[in-house]
Every structure is written in structure tokens, then in C-alpha cells.
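Inspection log for the structure reproduced underneath, given as C-alpha cells.
Residue numbers (this note's numbering): 19 to 144.
This is the structure we're talking about:
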């Protein structure tokens, strides 16, 4: 019968380190997918490039002091449920407006005293 080789303490430590690294990489891949999907929502909403969508997410995150992944998760939930926290919604509208007028779907109705914003048609982006 063959003998099972014993592992040294250094090898055991290295195995645990590698297992931890694998878990961190799995989390990073999951996080990246969530952010990429949220960028897609922003791109469709604002009719913009993916780079601009990334910039919008980053700005919303910075101005609301909410982690970017959390903002991305909220935007994806909004796509499914139609609900977005008011502070995130307001900042998203503000940031999107810097790229061109946009009315975020499901936004509260504008007050009677304020005339409705007109959607300005833009040429398609390249």
C-alpha cells in the first residue's frame, strides 16, 4: 500500500491562503457582474456609452456615500421592482441630466407649478 504524504505546516498554510484567495476572486467576479448589469440599465436609460454609464454609477456612489456595488444592486432591484430609494433616485436623475435630459421612470409626478420637462431628442451616440 502506498503512503499518503504528510503536508508541512507551510504547505497547509499556503493551501488555506489559496482557498481564501479563490473565495475573494469569486466575490470579485460576482460584484463585477452586478456592476456590469447596472451599467447596462443606466446605458439604456440615458442612451449613453458604457463608459458614461460607468461614470454615472461612480458619481451616484460618490455623491450619496453609498458603495458602488450597493448602488448597482439597488438599480438592478429597481429594474425588477420599480422602487429606488429617494436619495439614489434624485442623484441618478441629477447625474443623468448632466449627460442630457432624462426622466427616470417611476419618478414622483412633478408639482403643478412646475411645467413638465420636455425630452430633447439627441442624435444617436457612436
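Built from N, CA and C at the ideal position, the CB exists for glycine as well.
With a contact defined as Cβ atoms closer than 8 Å, residue 93 and residue 61 miss out at about 11 Å.
No residue range can be given for residue 67, since it is assigned to no alpha helix (DSSP H) and is classified by DSSP as neither H nor E. Scanning its chain for C-beta atoms nearer than 8 Å, with the 5 sequence neighbours on each side dropped, one finds around residue 89 the residues 56, 75, 78, 79, 82, 106, in chain order. With 16 or more neighbouring CB atoms inside 10 Å of its own CB, residue 113 falls in the buried class. Membership of residue 26 in any alpha helix (DSSP H) is not indicated, and neither H nor E is assigned to it by DSSP.
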